[in-house]
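Notes to accompany the following structure.
There are 2 protein chains.
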Amino acid sequence: MDRQLLIETIRAKQSFLCVGLDPDPARIPAHLGTGPEAVLAFNRAIIEATSDLAVAYKPNVAFYEAMGADGWNVLAETMAAIPADCLRIADAKRGDIGNTATRYAQAAFEAWGADAVTVAPYMGRDSVEPFLAFEDKWTILLAATSNPGAEDFEFHGGQDGSPLWRKVLEVSQQYKGAERLMYVVGATRPEWLAEVRAVVPERFLLVPGVGAQGGSLEAVCKAGWAESLAGGLLVNVGRSLMYASAGEDFAEAARTEAWQLQKAMALELSTSR
Amino acid sequence: MDRQLLIETIRAKQSFLCVGLDPDPARIPAHLGTGPEAVLAFNRAIIEATSDLAVAYKPNVAFYEAMGADGWNVLAETMAAIPADCLRIADAKRGDIGNTATRYAQAAFEAWGADAVTVAPYMGRDSVEPFLAFEDKWTILLAATSNPGAEDFEFHGGQDGSPLWRKVLEVSQQYKGAERLMYVVGATRPEWLAEVRAVVPERFLLVPGVGAQGGSLEAVCKAGWAESLAGGLLVNVGRSLMYASAGEDFAEAARTEAWQLQKAMALELSTSR
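From first to last, the protein sequence lines stand for chains X and Z. Here the numbering used here is used: the first residue of the first sequence is 1, the next is one more, and so on. Here the numbering used here is used: the first residue of the second sequence is 1001, the next is one more, and so on.
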């Protein structure tokens, strides 16, 4: 899904909801059973119940990797279950160099069938450009995340007082294929989001942290909106949607949660700024 | 393998060689065939031919991940083929937070059977401590790598002019379980290695970049030696050993390469400093 189609999809669906698919085997509703098949059935039901209300799905690869070789197939099958009008984001946070990065990109884009992959910037240009070389795919670089540990290094200040995350935004704009970059920016501190938006007015931002982590959709939109990109935001909601109910009605409960988010997003899309 | 046993193993084997196992399917000797079985047979032959001369093996997970679900099994089988007197390092460069990091740690330490895993520091404390929580395992944090892109962010200077990699070393010493940390430091610029050693005199350093990438063993030892740790270095050699011959004698050729490295390492271990 290219940039123009993503913008059109957001406008058509009146939504910029990204659904996190981080299935904890211990939280799969009991009636689905256990094991890899249960996880896949759970994911498929969540996708089916929400795909008209969402524009992206984001499985976190760690949850699949921890399941062993079976998890690998569950991840690929989950990606295959996501309809074509939704962006398939592999949240992998990979970061290695040269031909090794190319292998990670092949795993994400070719073997798992993802449209986008999250990447860690620590090692610099030659750890990012191999992902950007895939012309019809997106690379989503970590910038300012919302976890407590973000303070340790992401805010390490340059000699001009400029934090590392700003350097990541600025330097990565020079990478070959930078037009295929998005950035991860946490929802819990909207003031950072506003600063990020000022540096990269033309990029989509993947924003986790709304919902269970306490970020507010309204504050995120106020801080990070880019009108020419239909907002330029993909707001990820994970646990509060996936585990809205632990019972047999889990998919309906997830749909209700997604529907409420989509209504709030439609309102943001109709707001004149 | 705990710290004391690692030191004793280095002294007993007179080696601090780490063998990189990054099998490129296109470079597997033709007589082994193709596909996952050929990669596993290749790895096993390399391990068997070199394990008395090495103290660690380091499969890079990307090479296995790119093979699909089969690669997952090849990785676990490769780990299982590494004898108990060698450290099994999963070069995964993972970096995610909280319970997600725990899943990556479970994948590496439990599912793949690794003794150690490489981790990217970008997201800070809550992306590293879940790995350190595994008490009999090692976490190897990226510090100053030897790739060209390292200049982009790893050397981003603080307001006191202190680079990010130094901040990573200093801050991570405060993490819970820091005694189970090692660091990745590239071999190609020994001046960094000397600076790193000055900040973390009591930590093992995993040093890639000797061999195909042009780093010199002698310069690495001169810059990074810690006598109380039998040097405190794990020097990784990958391509120049794995692909020493493309023919049926590939394992013998790898052994010859490993033997030459071990001789040079024995000389370093006997040097008075």
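Just so you know, even glycine gets a beta-carbon here, dropped at the ideal spot from N, CA and C.
For M123/X, the nearest beta carbon of chain Z is closer than 9 Å to its own beta carbon. For P36/X, there is no enclosing beta strand (DSSP E); the enclosing alpha helix (DSSP H) covers residues P36 to T50.
According to the DSSP assignment, V171/X belongs to the alpha helix (DSSP H) that extends over L164 to S172. A26/X counts as exposed, since fewer than 16 other beta carbons sit within 10 angstroms of its beta carbon.
Counting only Cβ-Cβ distances below 8 Å, V171/X has contacts in chain Z at D1152 and F1153, in chain order. In the DSSP annotation of this structure, the continuous segment of the beta strand (DSSP E) that includes N1236/Z starts and ends at L1233 to V1237. Here the stretch 1248-1263 of chain Z lies against the stretch 1030-1048 of chain Z, with 3 or more beta-carbon pairs under 8 Å apart.
With the rule of 3 Cβ pairs closer than 8 Å, the stretch 1096-1112 of chain Z does not count as touching the stretch 1142-1152 of chain Z. It is roughly 10 Å from the alpha-carbon of L6/X to the alpha-carbon of F204/X. Annotation: the continuous beta strand (DSSP E) that includes I1140/Z extends over W1138 to A1144.
Taking the Cβ atoms as the reference, Y175/X lies roughly 6 Å from L132/X, within the contact range of under 8 Å.
Here R1255/Z is buried, its C-beta having at least 16 other C-beta atoms within 10 Å.
Residue range F250 to S270 is occupied by the alpha helix (DSSP H) that includes A264/X.
One Cα belongs to Q1260/Z, the other to L1233/Z, and the distance between them is close to 17 Å. Of S1172/Z, V1055/Z, D1024/Z and L1021/Z, the smallest CA-CA separation from R1011/Z is found for V1055/Z. Cβ neighbours of P1208/Z within its own chain (closer than 6 Å, five residues either side excluded): N1236.
Closest by C-alpha distance to Q1173/Z, out of E1191/Z, V1196/Z and S1245/Z, is V1196/Z. Between the C-alpha atoms of G1033/Z and L1040/Z there is a straight-line separation of about 11 Å. The beta carbons of A101/X and S127/X sit closer together than 9 Å. Its Cα nearest to that of Q1213/Z, the residue G98/X stands out among R273/X, G113/X, G98/X and V171/X. DSSP lists I140/X as the bridge partner or partners of M182/X. Within chain Z, the residues whose beta carbon sits less than 8 Å from that of F63/X are T1100 and R1103, listed in sequence order. If you look at C1018/Z, you'll find it isn't in any alpha helix (DSSP H); it sits in the beta strand (DSSP E) that goes L1017 to L1021. Chain X has a Cβ within less than 9 Å of the Cβ of D1096/Z. Burial check for D1160/Z: the Cβ neighbour count within 10 Å stays below 16, so the residue is exposed. No Cβ of chain X is located within less than 9 Å of the beta carbon of T1034/Z. At least 9 Å separates the CB of D115/X from every CB of chain Z. From the listed residues C18/X, P36/X, E37/X and L53/X, the smallest Cα separation to Q262/X is found for L53/X. Here the C-alpha atom of L217/X lies approximately 34 Å from the C-alpha atom of G1157/Z. Per DSSP, reduced to three states, the secondary structure at G95/X is coil, with no helix or strand assignment. Using a Cβ-Cβ cut-off of 9 Å, P59/X does not count as an interface residue toward chain Z, since no Cβ of chain Z sits closer than that to its own. A Cβ-Cβ contact shorter than 9 Å links R1239/Z with G1020/Z. At a cut-off of 9 Å between C-beta atoms, N1147/Z counts as an interface residue with respect to chain X.
Cβ proximity to chain Z below 9 Å picks out R125, D126, S127, V128 and E129 from the stretch 125-141 of chain X.
Judged by DSSP secondary structure, K58/X falls within the beta strand (DSSP E) whose first and last residues are A56 to P59. The three-state secondary structure of G1215/Z, taken from DSSP, is strand.
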